[in-house]
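Q: Below is a structure I'd like to ask you about.
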Amino acid sequence: MSHNIAYSTADKADVLAFLGAGDDLNADRRRRLDAIRKAARAHQDDLDDQGVDWGLSVVHALDHLIAGRADSDAAYAGNAYTSALQHIIDHNASDSMHLGTYSKPSTFFGLVDDRMRRLGVPADLLPHGFLYGGLPDGFPLLPHSVDGCPAIGHLPLAKAKPAAEAYRAVLDEIPADFRYDVQELIEKLDTEHEEWEYATKKIDWYTQDTLFFKLT
């Protein structure tokens with residue numbers, strides 16, 4: 007079974023504002039929540055059509071997160087909570103971009119991390135570390151998804167350029183089997199840094215600070 011990795015940029019505070027908000031949302035966020043609920047329902051309908059039962063619906067998981075809880079003891083509650091949170095991210099972020107499709111992404115990027123670590127890439131810039139790094143500080147802890155997917159990772163946009171430069175410095179020394187994917191990651195991080203740098207200087211209302219990664 008293959009897994010897709012996508013990413014988008016957002017202000018993490020915009021996402022966090024929904025968690026535990028209850029009814030205390032401004033008009034714009036209430037409109038966003040309506041759209042988030044529709045996406046959660048559509049997701050659950052798709053799961054139902056596939057005969058997938060997580061023991062907690064994505065819709066109810068979303069209700070829990072808005073209420074400030076993630077305490078379901080359903081066996082697959084982590085899958086539902088992660089999916090619900092991803093819908094919140096999606097409706098507060100830039101358009102989603104595709105990073106790649108992998109049969110075993112955790113294994114692949116784990117091996118990349120091992121080689122890069124030996125070549126001196128700092129631990130906080132290693133790709134597996136941020137792809138599977140969970141949520142930023144200040145976010146609630148969620149139960150882990152069964153089998154590792156869906157999953158959410160993040161990288162501060164301020165680290166996109168340092169990560170790209172660190173990878174570029176060791177690119178010729180990593181195995182050829184990894185090189186194409188690392189080059190793709192370098193190019194995408196370069197682009198995100200350039201757009202972030204331009205926007206923070208030129209657009210008064212721009213506050214995005216985080217790359218969010220979605221693994222499904």
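Be aware that the sequence shown starts at 7, since it is given in our numbering, and climbs by one per residue. Glycine is no exception: its CB is placed at the ideal position from the N, C-alpha and C atoms. Since we're looking at a predicted model, the values are computed, not measured.
(1) Looking at the structure shown, is T216 part of a helix, part of a strand, or coil, going by DSSP?
(2) Checking 8 Å against the spacing of the C-beta atoms, do S112 and H134 come in under that value?
(3) Under 8 Å by Cβ, that's how I've got S63 and A86 pegged, so tell me the actual separation to the nearest angstrom.
(4) Using only the alpha-carbon positions, how far apart do F145 and A46 sit?
(5) Mind checking N98: buried by the 16 CB within 10 Å criterion, or exposed?
(6) Using alpha carbons as the reference points, say which of A16, R38, T213 and T197 lies closest to D101.
(7) Quick check: the Cα distance between F219 and A12, rounded to an integer number of angstroms?
(8) Could you check whether the segment 116-133 touches the segment 49-61, counting it as contact only if at least three pairs of C-beta atoms, one from each stretch, sit closer than 8 Å?
(9) Using alpha carbons as the reference points, say which of R185, C155 and P128 lies closest to Y138.
A: On the basis of the coordinates in this document:
(1) Here T216 sits in strand by DSSP.
(2) Their beta carbons are under 8 Å apart, which means S112 touches H134 by this criterion.
(3) 7 Å between Cβ atoms; contact.
(4) Spanning the two alpha carbons is a distance of roughly 20 Å.
(5) Counting of Cβ neighbours within 10 angstroms places N98 among the buried residues, the total reaching 16 or more.
(6) Of all alpha-carbon atoms in A16, R38, T213 and T197, the one lying nearest the alpha-carbon of D101 is that of A16.
(7) If I take the Cα positions, the gap works out to 6 Å.
(8) Using a Cβ-Cβ distance cut-off of 8 Å, the segment 116-133 and the segment 49-61 are not in contact, since fewer than three pairs of beta carbons, one from each stretch, lie closer than that value.
(9) Ranked by Cα distance from Y138, the first of R185, C155 and P128 is C155.
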